[in-house]
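**Q** Here it is, the structure, as structure tokens.
Number of protein chains: 2
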Amino acid sequence: MSKLIECIPNFSEGQNEATINGLVKIAQSVAGVTLLDHSSDKSHNRSVFTLVGDEVGIQEAAFQLVKYASEQIDMTKQHGEHPRMGATDVVPFVPVKDATLAECVEISKKVAKRINDELNIPIFLYEESAANPSRVNLAKVRKGQFEGMPEKLLEEEWAPDFGARKIHPTAGVTAVGARMPLVAFNVNLDTSDISIANKIAKIVRGSGGGFKYCKGIGVMLEDRNIAQVSMNMVNFEGTPLYRAFETIRFEAKRYGVNIIGSEVIGLTPAKALIDCAEYYLQIEEFDYQKQILENHLLS
Amino acid sequence: MSKLIECIPNFSEGQNEATINGLVKIAQSVAGVTLLDHSSDKSHNRSVFTLVGDEVGIQEAAFQLVKYASEQIDMTKQHGEHPRMGATDVVPFVPVKDATLAECVEISKKVAKRINDELNIPIFLYEESAANPSRVNLAKVRKGQFEGMPEKLLEEEWAPDFGARKIHPTAGVTAVGARMPLVAFNVNLDTSDISIANKIAKIVRGSGGGFKYCKGIGVMLEDRNIAQVSMNMVNFEGTPLYRAFETIRFEAKRYGVNIIGSEVIGLTPAKALIDCAEYYLQIEEFDYQKQILENHLLS
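Protein chains in written order, with this note's numbering: chain X, -15 to 283; chain U, -15 to 283.
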């Protein structure tokens, strides 16, 4: 059984169909890699690709996509609503099956080095691959965006992890890193008071003193007239979904508010939910790898 | 993505290594099929094989195994602790991925017909494939065992589903059918009173008026001095694990008894546990096929 690694490169092009189609063709042409999904947003002027593949293929596909983007996208002329600093803005690698986060860190560094060696694009390593805590958060790394990067690279603490203190003239700077799969998990409350959702979001999220691997904000669902705690669970092993859920439940009680439902948006690894079943069913000594039938079927 | 079907044939041979090895070789030689596991019990004089494969391969493998067993195992000389009626005693087909129970019923009937056509072994269809309710339960179908079968087949209600009212002289009779994957799920109580576990088992199991797809008995865990409700969940979609679990919880309260843990024994389909996470996390409109990442990876 071979390792499976996901890569979700974000490109600063969401309008030019020829360029998007070119990226799709490359993603579909690398051996050992499957393009699971891609979506483009015109107002954001950005495309997000989701690829999965073996250790070798995923590195090749990531590099070839970054290369093509650097040839096609001219950041000096690019505008959109979404913050960005490079033609390929960010390249995260995510362990999916039989691969560890540490292995994805290694992969991210190899790809980062190759991008810089062959394309001369400076690279910041971020998230789990970050060289220091100030580079973990993408928003901090990207602050200043493409236009501010020439100056930022000259600041003492912002030397790129790979490459010189000088942007690629048209492709800018790219962030490469490794992270756990992200689960978008929203919990709905039986209140129309957004301030309650905001207070609870602050309690559960790491930045508010809550769970390290949980990000969260309060959101109003206008059509249902209810408030929601909208979360990104950025490491479901470090902060399991049920722990955030039960914390929201007991914090909401203070306001006489109850949970009326939840949503998982998009894809989730099976384990993020099976870990919750283990908790609620109080299963003793469950072995995910050995006891889940499907883990014996994936080749 | 191709359908995956599991087949778990039971052979009335658990002692003769040459025969067991012969079965293993056949199971490993059919294209499109993987032998996941096999185990033999000498005192039971029985071997259980677990194969998984595509629609075509699994039928071929099942037939070839039954053929070989009919050539090697002489039921007139076979003795063991486990009840049995044929060289191949029972051949269940189970939907694993992208296959339905209805499709497995069709497969079971095709294989049953071929076994009878080519090997002249009479077949009872059982479980979901059964022609009438009295043939659903294997124990009822097998009652009388190999020695009683010649007479049983002559009884008005026990004409085989395929073949004449006459056993194969050395291979006896075989039961073929389709069923959902079975999950062995045990719930531990904080009492050493086995009678409480027995009472609760009777309440949750279908035969006691409880959940249709749940079988259960009380069991004493001597080493821990606690009683357990030991269950087979024979259709986790019809009777989800959480429903049996929560019923055991509230029934135990009558006796001042609490659940202290549970066990899943052996393999479980991911969905059996993910359905429980959906319940406890109150997830709205979850789409198992689309939202579980791994479902996009299985080829």
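All residues carry an ideal CB built from backbone N, CA and C; glycine is no exception.
Quick one: what does DSSP say Ala185 (chain U) is sitting in, helix, strand or coil?
**A** Numbered from its first residue, the second sequence carries residue 185 (chain U) at position 201. Note: Ala185 (chain U) maps to helix in three-state DSSP.
**Q** Would you please state the rounded distance, in angstroms, between the beta carbons of Ser113 (chain X) and Gly161 (chain X)? I believe it to be under 8 Å.
**A** Here residue 113 (chain X) is taken as the residue at index 129 of the first sequence, counted from 1. Here residue 161 (chain X) is taken as the residue at index 177 of the first sequence, counted from 1. Indeed they touch by this definition, with Cβ atoms about 4 Å apart.
**Q** Would you list, in sequence order, the uninterrupted beta strand (DSSP E) runs of no fewer than 3 residues that lie entirely inside the stretch 47 to 98 of chain U?
**A** Counting only runs of 3 or more, we get 72 to 81.
**Q** Would you mind listing the alpha helix (DSSP H) stretches within the stretch 90 to 155 of chain X that are 4+ residues and don't spill past its ends, in chain order?
**A** The stretch 90 to 155 of chain X contains these whole alpha helix (DSSP H) runs: 122 to 126, 129 to 136.
**Q** At least one CB of chain U closer than 9 Å to the CB of Ala254 (chain X): is that the case?
**A** In the first sequence, residue 254 (chain X) corresponds to position 270, counting from 1. So yes, Ala254 (chain X) belongs to the interface.
**Q** Classify Thr84 (chain X) as buried or exposed, calling it buried when 16 or more other Cβ atoms lie within 10 Å of its own Cβ.
**A** Sequence index remark: in the first sequence, residue 84 (chain X) carries index 100 (1-based). Thr84 (chain X) is exposed by the Cβ-count criterion.
**Q** Report the three-state DSSP secondary structure of Gly194 (chain X) (helix, strand or coil).
**A** Taking the first residue of the first sequence as 1, we reach residue 194 (chain X) at position 210. DSSP places Gly194 (chain X) in coil when its eight states are reduced to three.
**Q** For Met204 (chain X), list the residues DSSP reports as bridge partners.
**A** For the purposes of this step, residue 204 (chain X) is taken as residue 220 along the first sequence, with counting starting at 1. Paired residue(s): X:Ala211.
**Q** Is it right to say Ala115 (chain X) is buried, meaning 16 or more other beta carbons lie within 10 angstroms of its own, or is it exposed?
**A** As a working note, residue 115 (chain X) is residue 131 in the first sequence. Its Cβ having fewer than 16 others within 10 Å, Ala115 (chain X) is exposed.
**Q** Rounding to the nearest angstrom, what Cα-Cα distance links Lys93 (chain X) and Cys(-9) (chain X) in this structure?
**A** In the first sequence, residue 93 (chain X) corresponds to position 109, counting from 1. In the first sequence, residue -9 (chain X) corresponds to position 7, counting from 1. For Lys93 (chain X) and Cys(-9) (chain X), the distance between alpha carbons rounds to 14 Å.
**Q** Tell me Asp25 (chain X)'s beta-bridge partners as DSSP assigns them.
**A** Sequence index remark: in the first sequence, residue 25 (chain X) carries index 41 (1-based). According to DSSP, Asp25 (chain X) bridges with X:Arg30.
**Q** With respect to the alpha helix (DSSP H) encompassing Val8 (chain U), which residues constitute its N-terminal and C-terminal limits?
**A** In the second sequence, residue 8 (chain U) corresponds to position 24, counting from 1. Element bounds for Val8 (chain U): 1 to 13.
**Q** The stretch 108 to 135 of chain X: which residues have C-beta closer than 8 Å to a C-beta of chain U, in chain order?
**A** Correct list: empty, as no residue qualifies.
**Q** So, are the CB atoms of Asn182 (chain X) and Ile210 (chain X) less than 9 Å apart?
**A** As a working note, residue 182 (chain X) is residue 198 in the first sequence. As a working note, residue 210 (chain X) is residue 226 in the first sequence. No; because the gap between Cβ atoms is not below 9 Å, this pair is not in contact.
**Q** By Cβ distance, which residues of its chain are closer than 6 Å to Phe146 (chain U), with the 5 residues on each side in sequence left out?
**A** Within the second sequence, the letter at position 162 stands for residue 146 (chain U). Around Phe146 (chain U): Ala96, Lys97, Asn100, Ile107.
**Q** Less than 9 Å between the beta carbons of Ile243 (chain U) and Phe220 (chain U), yes or no?
**A** Stepping through the second sequence from its first residue, residue 243 (chain U) is reached at position 259. Stepping through the second sequence from its first residue, residue 220 (chain U) is reached at position 236. The answer is no: Cβ separation not under 9 Å.
**Q** Give every residue of the same chain whose Cβ lies closer than 6 Å to the Cβ of Pro165 (chain X), excluding the five residues on either side of it in the sequence, and list them in chain order.
**A** Counting from one through the first sequence, the residue named residue 165 (chain X) turns up at place 181. So the qualifying residues of the chain are Val78, Pro253.
**Q** How about the stretch 257 to 270 of chain U and the stretch 52 to 59 of chain X: do they share at least three Cβ pairs that are nearer than 8 Å?
**A** No: fewer than three Cβ pairs fall under 8 Å.
**Q** Just to check my reading of the structure: Phe47 (chain X) and Pro(-7) (chain X) have Cβ atoms closer than 8 Å, yes? What is that Cβ distance to the nearest angstrom?
**A** Residue 47 (chain X) sits at position 63 when you count from the first residue of the first sequence. Residue -7 (chain X) sits at position 9 when you count from the first residue of the first sequence. With a Cβ gap of about 10 Å, Phe47 (chain X) and Pro(-7) (chain X) do not count as contacting.
**Q** Using DSSP's beta-bridge definition, name the partner residues of Thr252 (chain U).
**A** Within the second sequence, numbered from 1, the residue matching residue 252 (chain U) stands at position 268. Beta-bridge pairing links Thr252 (chain U) to X:Ile276.
**Q** Check Gln(-13) (chain X) in the structure and name its three-state DSSP category.
**A** Within the first sequence, numbered from 1, the residue matching residue -13 (chain X) stands at position 3. According to the sequence as given, residue -13 (chain X) is Lys; it is not Gln. It is coil, neither helix nor strand.
**Q** Using a Cβ-Cβ cut-off of 9 Å, state whether Ile180 (chain U) counts as contacting chain X.
**A** Reading the second sequence from its first residue, position 196 is the one you call residue 180 (chain U). It does not; no Cβ of chain X falls within 9 Å.
**Q** His66 (chain U) touches chain X at which residues, Cβ-Cβ below 9 Å?
**A** Along the second sequence, one-based indexing puts residue 66 (chain U) at 82. In chain order: nothing, as chain X lies at least about 24 Å away.
**Q** So for Val40 (chain X), helix, strand or coil by DSSP?
**A** Mapped onto the first sequence, residue 40 (chain X) falls at position 56. In the structure shown, Val40 (chain X) sits in a helix (DSSP, three-state: H, G or I).
**Q** Nearest CA to the CA of Lys199 (chain U): which residue from U:Lys81, U:Val218, U:Arg30?
**A** As a position in the second sequence, residue 199 (chain U) is number 215, starting the count at 1. Minimum Cα distance to Lys199 (chain U) is reached at U:Val218.
**Q** Does Phe234 (chain U) come out as helix, strand or coil in the three-state DSSP assignment?
**A** The count along the second sequence starts at 1 and reaches residue 234 (chain U) at position 250. In this structure, Phe234 (chain U) counts as helix in the three-state DSSP scheme.
**Q** Go ahead and label Ala159 (chain X) buried or exposed: buried means 16 or more other beta carbons lie within 10 angstroms of its beta carbon, across all protein chains shown.
**A** Against the first sequence, residue 159 (chain X) aligns to sequence position 175. Buried: at least 16 other Cβ atoms inside 10 Å.
**Q** Between Val36 (chain U) and chain X, is any beta-carbon pair separated by less than 9 Å?
**A** Mapped onto the second sequence, residue 36 (chain U) falls at position 52. Chain X, which has a Cβ nearer than 9 Å to the Cβ of Val36 (chain U), makes this yes.
**Q** Using a Cβ-Cβ distance cut-off of 9 Å, determine whether Lys237 (chain U) contacts chain X.
**A** Numbered from its first residue, the second sequence carries residue 237 (chain U) at position 253. Not one chain X Cβ lies under 9 Å of Lys237 (chain U).
**Q** If you draw a straight line from the alpha carbon of Pro76 (chain X) to that of Gln43 (chain X), how long is it in whole angstroms?
**A** As a working mapping, residue 76 (chain X) is identified with position 92 in the first sequence. As a working mapping, residue 43 (chain X) is identified with position 59 in the first sequence. If you take the alpha carbons of Pro76 (chain X) and Gln43 (chain X), they lie about 11 Å apart.
**Q** I need the straight-line Cα distance from Asp25 (chain U) to Arg68 (chain U), nearest angstrom please.
**A** For the purposes of this step, residue 25 (chain U) is identified with residue 41 of the second sequence, where counting begins at 1. For the purposes of this step, residue 68 (chain U) is identified with residue 84 of the second sequence, where counting begins at 1. Each residue's Cα considered, the two are about 14 Å apart.
**Q** Counting only Cβ-Cβ distances shorter than 9 Å, please list the residues of the stretch 256 to 277 of chain X near chain U, keeping chain order.
**A** If the cut-off is 9 Å between Cβ atoms, the stretch 256 to 277 of chain X has Ala256, Leu257, Ile258, Asp259, Cys260, Ala261, Glu262, Tyr263, Tyr264, Leu265, Gln266, Ile267, Glu268, Glu269, Phe270, Lys274, Gln275, Ile276, Leu277 near chain U.
**Q** Would you say Ile(-8) (chain U) lies against chain X (beta-carbon separation less than 9 Å)?
**A** Locating residue -8 (chain U) in the second sequence gives position 8, where the first residue counts as 1. Cβ-Cβ to chain X under 9 Å: no for Ile(-8) (chain U).
**Q** When we look at the beta-carbon of Gln275 (chain X) and count the other beta-carbons within 10 Å, is it buried (16 or more) or exposed?
**A** Locating residue 275 (chain X) in the first sequence gives position 291, counting from the first residue. Label assigned to Gln275 (chain X): buried.
**Q** Among U:Ala185, U:Thr72, U:Leu35, U:Thr175, which residue has its Cα nearest to the Cα of Phe169 (chain U)?
**A** Mapped onto the second sequence, residue 169 (chain U) falls at position 185. Measuring from the Cα of Phe169 (chain U), the nearest candidate turns out to be U:Ala185.
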